[in-house]
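**Q** Residue numbers (UniProt numbering): 1 to 422.
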Amino acid sequence: MLEVRRFRHLDDFVRENEGDARARLRLLGFAICWTGFEVFLGSRCSRERGRRRTCGSVGFVSAVISLSRRTLKPTHFQLFIAMANEEEDLKAIMEKHNTKWFNVECVPQCFTFSKEERPGDAPIPICNKIPVIDLGKSQKIETIKQLLQAGQEFGFFQVINHGILENVATQTLSTFEEFFNNMTDEEKVNVASRKGWIFTGSEEEVKNGVHLWRDNIKHPCHPLDKCMQSWPDKPATYREVVGRYVAEIRMLSLTILELICQGLGIESGYFNEQSEVQLLSANNYPACPDPSLTLGILKHFDPSLITIIYQGNVSGLQVLVDGKWMCVEAVPNAFVVNIGNQLEIISNGKLRSVEHRAVTNSKEARTSIAIFVNPTPNSIVEPAKVLLNDSNPPLYKSILYKDFINASKAFGAHTDVIQNDS
Ligand SMILES: O=C(O)CCC(=O)C(=O)O
1 MLEVRRFRHL
11 DDFVRENEGD
21 ARARLRLLGF
31 AICWTGFEVF
41 LGSRCSRERG
51 RRRTCGSVGF
61 VSAVISLSRR
71 TLKPTHFQLF
81 IAMANEEEDL
91 KAIMEKHNTK
101 WFNVECVPQC
111 FTFSKEERPG
121 DAPIPICNKI
131 PVIDLGKSQK
141 IETIKQLLQA
151 GQEFGFFQVI
161 NHGILENVAT
171 QTLSTFEEFF
181 NNMTDEEKVN
191 VASRKGWIFT
201 GSEEEVKNGV
211 HLWRDNIKHP
221 CHPLDKCMQS
231 WPDKPATYRE
241 VVGRYVAEIR
251 MLSLTILELI
261 CQGLGIESGY
271 FNEQSEVQLL
281 SANNYPACPD
291 PSLTLGILKH
301 FDPSLITIIY
311 QGNVSGLQVL
321 VDGKWMCVEA
331 VPNAFVVNIG
341 NQLEIISNGK
351 LRSVEHRAVT
361 NSKEARTSIA
371 IFVNPTPNSI
381 VEPAKVLLND
391 SNPPLYKSIL
401 YKDFINASKA
411 FGAHTDVIQN
421 DS
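1. Under a CB-based cut-off of 8 Å, is I380 close to chain D?
2. Under DSSP, the alpha helix (DSSP H) around V359 begins and ends at which residues?
3. Straight-line CA distance for S347 to W197?
4. For S315, I'd like the list of residues in its chain whose CB is within less than 7 Å of its CB, leaving aside the five on either flank, ordered along the chain.
5. Considering only their Cβ atoms, is the gap separating H356 from K299 smaller than 8 Å?
6. Compare the C-alpha of K115 against each of T367, V373, A410 and T294 and name the closest.
7. State yes or no: is the C-beta of Q311 nearer than 7 Å to some heavy atom of ligand 1?
8. In chain order, what residues of the same chain lie with their CB nearer than 6 Å to the CB of S422, ignoring the 5 residues before and after it?
9. Please report the Cβ distance between R264 and K397, rounded to the nearest whole angstrom; I am assuming they are in contact, meaning their Cβ atoms lie under 8 Å.
10. Examine ligand 1 and report whether any of its heavy atoms sits within less than 7 Å of the Cβ of N283.
11. Between residue 423 and S253, which are expected to be in contact by the criterion C-beta below 8 Å, what is the C-beta distance as a whole number of angstroms?
12. With Y401 as the anchor, note down where its alpha helix (DSSP H) starts and where it stops.
13. Per DSSP, which one or two residues make a beta bridge with L320?
14. Pair every Cβ in the stretch 302-311 with every Cβ in the stretch 111-127, then say whether three or more of these pairs are closer than 8 Å.
15. Considering only C-alpha positions, which residue in the set P375, F301 and I380 is nearest to H222?
16. Can you find at least 3 beta carbon pairs, one from the stretch 214-221 and one from the stretch 266-286, that sit closer than 8 Å?
17. Using only the alpha-carbon positions, how far apart do R49 and P291 sit?
18. Does ligand 3 have a heavy atom nearer than 7 Å to the CB of A370?
19. Got a sec, what are the start and stop residues for the alpha helix (DSSP H) S253 sits in?
20. CB of G316 to nearest heavy atom of ligand 1: below 7 Å?
21. Is the beta carbon of I399 sitting closer than 8 Å to the one on V381?
22. Going by beta-carbon coordinates alone, are F372 and D302 separated by less than 8 Å?
23. Going by Cα to Cα distance, which pick from A150, K234, D134 and Q229 is closest to N182?
24. Regarding H356 and ligand 1, is the C-beta to nearest heavy atom distance less than 7 Å?
25. Whose C-alpha, out of F176, D390, P377 and V319, is nearest the C-alpha of A358?
26. Quick one: what does DSSP say N392 is sitting in, helix, strand or coil?
27. Curious, which full-length beta strand (DSSP E) runs of at least 3 residues does the stretch 86-161 contain?
28. Is S174 helix, strand or coil by DSSP?
29. Who are the near neighbours of E178 in its chain, counting only those whose CB is closer than 7 Å to its CB and skipping five residues on each side?
30. In the structure shown, what three-state DSSP assignment does D215 receive?
31. Would you tell me roughly how many angstroms separate the C-alpha atoms of S408 and N341, rounded to the nearest one?
32. If V246 and L224 are in contact, beta carbons under 8 Å, what's the gap, nearest whole angstrom?
33. Name the one or two DSSP bridge partners that H222 has.
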């Protein structure tokens with residue numbers, strides 16, 4: 001019986017038939033035919049139409065030749081379909097799917113990361129070593145010890161009993177879901193250029209030539225009364241709900257930073273000036289037909305002091321632990337906290353900023369809210385003097401925060417819009 005299979009990409013076909021010399025020969029034959037037809041048709045029609053017509057013609061001619069020689073094999077059809085599935089550009093996908101770029105059966109080539117970058121098929125375990133720290137405990141010394149140890153070992157921890165009511169976080173998450181779901185194409189274009197906040201749909205989010213599988217909104221969120229005026233006004237509750245969330249997270253971040261201060265032996269209040277900017281970044285990762293090929297966010301370090309993430313009940317954040325990717329479990333009503341580059345510098349390397357990334361899943365969309373607590377652009381970031389002595393020389397040079405950001409292109413092309421320069 002003839003088996004007809006769809007391959008998402010030519011690569012996948014080649015990989016599956018690696019050991020088969022005949023398949024390789026057929027592949028070569030196809031490639032020669034294809035090139036010939038491309039040249040022939042290329043001068044007469046647009047590239048896109050030419051390619052599709054070429055695939056059809058090559059498939060048809062090859063099938064006829066194969067049939068006449070009685071050598072028709074399932075792989076012919078596999079290859080033909082693989083070729084027909086090759087690169088469809090994002091604009092065409094959006095037009096075809098009425099602007100919902102993620103409503104596709106297969107992952108288009110323009111969302112497929114290289115083998116080195118993509119998550120692949122191997123299951124990624126949940127890391128149960130990343131500590132879940134109870135901030136409600138009366139023994140502060142014990143809490144401080146746990147925070148320091150987690151920051152040293154993993155650069156990540158989760159906090160529970162943090163004093164933020166669960167519905168504050170869940171309502172904010174729902175507001176962002178509504179924001180991402182209901183925004184029209186026209187609005188997306190308008191908001192991308194609005195001063196004070198940026199929306200980047202997957203159309204714009206290109207990393208190394210491949211699009212991220214996410215929509216994202218970023219805006220400053222401190223001081224609240226100043227920033228809020230320029231936030232989105234749709235959904236109607238956006239400013240109220242997100243404002244309440246931001247105020248709560250500000251308090252939580254100051255509590256955590258003060259505990260870290262005490263743990264490191266730095267004078268109380270050291271981080272007050274270093275934490276004057278807060279940037280909110282909310283992500284929406286739609287369900288993806290093949291999460292092994294895509295990424296919501298490429299691996300990166302955070303250019304912050306600390307980052308506080310709410311991921312609801314859907315996990316998708318992965319952290320490098322001992323050189324291996326591990327999932328951060330979605331713990332009910334917990335916030336994930338990670339040490340950013342600036343705190344690594346101030347602690348003179350005692351606390352670690354660790355690489356992390358966001359992956360997608362095939363079952364449901366995931367929304368996450370990250371709040372980056374950052375120094376002001378003109379503050380100097382350097383190892384705290386009290387931590388330095390002859391046996392602990394500075395491991396990092398002093399640097400202006402804005403120079404750090406510009407040199408590392410931490411916020412990409414939108415740095416000016418989202419950097420609060422006041
Ligand atoms: O979606 C997540 O959990 C990852 C968030 C993150 O790493 C970021 O926004 O930089």
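Glycine included, C-beta positions come from ideal geometry on N, C-alpha and C.
**A** So, from the listed chains and residues:
1. Absent from the structure: chain D. Only one protein chain is present.
2. No alpha helix (DSSP H) holds V359; DSSP gives it neither H nor E.
3. So the alpha carbons of these two residues sit roughly 31 Å apart.
4. If we look at S315 and ignore the five residues flanking it on each side, its Cβ neighbours are C327, V328, E329 and A330.
5. Going by C-beta atoms, K299 is nearer than 8 Å to H356.
6. Answer by Cα proximity: T294.
7. Within the cutoff, so yes.
8. Below a pLDDT of 50, predicted positions are generally treated as unreliable, and S422, at 38, falls in that range; no measurement from the model is reported.
9. It should be noted that the sequence gives Leu, not Arg, for residue 264. Rounded, the Cβ-Cβ distance is 19 Å, inconsistent with contact.
10. Within the chosen limit of 7 Å, ligand 1 reaches the beta carbon of N283 through at least one heavy atom.
11. What is shown of the chain runs 1 to 422, which leaves residue 423 out entirely.
12. Counting along the chain, Y401 sits inside the alpha helix (DSSP H) bounded by residues Y401 to S408.
13. Residue pairing of L320 in beta bridges, as defined by DSSP: W325.
14. Because the criterion of three Cβ pairs below 8 Å is not met, the stretch 302-311 and the stretch 111-127 do not touch.
15. Scanning P375, F301 and I380 for the CA closest to the CA of H222 turns up P375.
16. Yes, they touch.
17. Confidence in R49 is poor, its pLDDT being 42 and thus under 50, which makes the residue's placement unreliable; the coordinate value appears in the next sentence. Rounded to whole angstroms, the gap between the alpha carbons of R49 and P291 is 29 Å.
18. Among the ligands modelled here, namely ligand 1, ligand 3 does not occur.
19. Y238 to L264 is the extent of the alpha helix (DSSP H) around S253.
20. At least one heavy atom of ligand 1 is nearer than 7 Å to the Cβ of G316, so yes.
21. Contact flag set, yes.
22. Between F372 and D302, the C-beta spacing is below 8 Å.
23. The residue with the shortest Cα to Cα distance from N182 is K234.
24. Yes - ligand 1 has a heavy atom lying nearer than 7 Å to the Cβ of H356.
25. Comparing Cα-Cα distances from A358 to each of F176, D390, P377 and V319, the minimum goes to V319.
26. Of the three classes helix, strand and coil, the one that applies to N392 here is strand, per DSSP.
27. Counting whole runs of 3 or more residues, the stretch 86-161 contains the beta strand (DSSP E) stretches 132-134 and 156-160.
28. Looking at S174 - three-state DSSP - the assignment turns out to be helix.
29. Sequence-distant partners of E178 (beyond 5 residues in either direction) whose C-beta falls short of 7 Å from its own C-beta, in its chain, are P235.
30. Here DSSP, grouped into helix, strand and coil, assigns D215 to strand.
31. Linking S408 to N341 through their CA atoms gives a straight-line distance of about 11 Å.
32. Cβ atoms of V246 and L224 come within 8 Å of each other, at about 6 Å.
33. According to DSSP, which records beta bridges pairwise, H222 is partnered with nothing at all.
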